[in-house]
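Visitor:
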Amino acid sequence: MTTKIAALLQAATERTVPVILALPDAALGAPTPCGEYDVRELMRHLFQVVVNFQVLAAKGQPDWSGPAPELDGDWRQRFAAEAAALVAAWGEPGADEGLLGSMSMPAETVGALALMDLAVHGWDLARATGLPYRPAPETVAVLGPLTEELAPNGRQMGMFAEPVAYAGADPFEALLALTGRDPGWAAEPVR
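Here my numbering = 1-based position in the sequence shown + 3.
1. Just the Cα atoms here: how many angstroms apart are residue 16 and residue 87?
2. Can you tell which of 174, 55 and 18 has its C-alpha closest to the C-alpha of residue 114?
3. Check whether the segment 57-71 and the segment 160-171 are in contact - that is, three or more C-beta pairs closer than 8 Å.
4. Pull up the CB-CB distance for residue 145 and residue 11, whole angstroms please, since I reckon it's below 8 Å.
5. Does DSSP put residue 108 in a helix, in a strand, or in coil?
6. Leaving out five residues on either side along the sequence, give the residues of the same chain with a beta carbon under 6 Å from the beta carbon of residue 58.
7. Where does residue 173 sit, in a helix, a strand or coil, going by DSSP?
8. According to the neighbour-count rule (16 or more other Cβ atoms, all chains shown, within 10 Å of its Cβ), is residue 46 buried or exposed?
9. Helix, strand or coil for residue 34 per DSSP?
10. If you count every other CB in all the chains shown that lies within 10 Å of the CB of residue 121, and 16 or more means buried, which is it?
11. For residue 41, which residues does DSSP report across the bridge?
12. Report the residue from 164, 108, 173 and 130 whose alpha carbon sits nearest the alpha carbon of residue 140.
13. What alpha helix (DSSP H) runs, 4 residues minimum, are completely inside the segment 53-121?
14. Between which residues of its own chain and residue 52 is the CB-CB distance below 6 Å, once the five residues before and five after are set aside?
15. Does DSSP classify residue 4 as helix, strand or coil?
16. So which of 96, 26, 29 and 33 has the shortest CA-CA distance to residue 190?
17. Could you spell out the range, first to last residue, of the alpha helix (DSSP H) harbouring residue 144?
18. Can you give me the C-alpha to C-alpha distance between residue 4 and residue 98, rounded to a whole angstrom?
19. Compare the Cα-Cα distances from residue 158 to each of 21, 183 and 147 and report the closest residue.
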């Protein structure tokens, strides 16, 4: 039986993987709205997230200290396969139950953190490279309240920057602003 988190991760994967498959090699050094990462380093981080959250779904302890995977070989297809494995891992019975990780967070919240990484970093990568991206409405419906709840601790832990002022009505842009991203951020054209 598929869990709610697995269904949400599937929807996010369907929106984010096409962006990753379309990333041009020439853009790997381009800046992203996630200030600490260029496109290459953000992709390496997202790889690490997708792999480690598979371990969390199986009630294991991931190793965040190891190096993020390199972007070599057919890394785009490798990422697509790892994203599918993430969805499958969270679709296993019981994956969204209990407490997980070193912080003993509810499994459903941990799964939603993977969802947040896929959606927000999907947007980061699309913005950095001029590709289109819009998360699924059900993704935004889950992540909006979660981001509001987690933002203060997320800032203390360095996961989020200070919020950006946002006066618009778009719920995804409001979520981005809460994470410290400027929803109007645009990259220089890749040449």
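We put the beta carbon where it would ideally sit given N, CA and C, even for glycine.
Guide: If we stick to the structure as given:
1. Here residue 16 corresponds to residue number 13 of the sequence shown, with the count starting at 1. Here residue 87 corresponds to residue number 84 of the sequence shown, with the count starting at 1. Whole-angstrom Cα-Cα distance: 8 Å.
2. Your numbering for residue 114 matches position 111 in the sequence shown. Comparing Cα positions, the closest option is 55.
3. Short answer: they don't touch.
4. In the sequence shown, the residue the question calls residue 145 occupies position 142. In the sequence shown, the residue the question calls residue 11 occupies position 8. Your pair residue 145 and residue 11 checks out as a contact, with CB atoms roughly 6 Å apart and the cut at 8 Å.
5. As a position in the sequence shown, residue 108 is number 105, starting the count at 1. In the structure shown, residue 108 adopts extended strand secondary structure according to DSSP, grouped into three states.
6. Reading the sequence shown from its first residue, position 55 is the one you call residue 58. The beta carbon of residue 58 lies closer than 6 Å to those of 65 in the same chain, with the five residues before and after it left out.
7. Locating residue 173 in the sequence shown gives position 170, counting from the first residue. Coil.
8. As a working mapping, residue 46 is identified with position 43 in the sequence shown. The Cβ neighbour count for residue 46, taken over all protein chains shown within 10 Å, is at least 16; the residue is labelled buried.
9. In the sequence shown, the residue the question calls residue 34 occupies position 31. If DSSP states are grouped into helix, strand and coil, residue 34 belongs with the strands.
10. The residue given as residue 121 occupies position 118 in the sequence shown. Residue 121 should be labelled buried.
11. The count along the sequence shown starts at 1 and reaches residue 41 at position 38. 34.
12. For the purposes of this step, residue 140 is taken as residue 137 along the sequence shown, with counting starting at 1. Put simply, of 164, 108, 173 and 130 the residue whose alpha carbon is nearest the alpha carbon of residue 140 is 173.
13. List check, alpha helix (DSSP H) in window: 78-94.
14. Taking the first residue of the sequence shown as 1, we reach residue 52 at position 49. So the qualifying residues of the chain are 120.
15. What you label residue 4 is simply residue 1 of the sequence shown in a count that begins at 1. Legend: pLDDT at residue 4 = 36, less than 50; position of this residue unreliable, no value from coordinates given.
16. On the sequence shown, position 187 is the one that residue 190 refers to. Here the closest residue by C-alpha is 33.
17. The count along the sequence shown starts at 1 and reaches residue 144 at position 141. Note, residue 144: alpha helix (DSSP H), 140-159.
18. By one-based count along the sequence shown, residue 4 stands at place 1. By one-based count along the sequence shown, residue 98 stands at place 95. Caution applies to residue 4, whose pLDDT of 36 falls short of 50 and renders its modelled position unreliable; the value that the coordinates give is listed next. Between residue 4 and residue 98, the C-alpha separation is close to 11 Å.
19. Translated into positions along the sequence shown, residue 158 becomes position 155. If we check each option's Cα against that of residue 158, 183 comes out closest.
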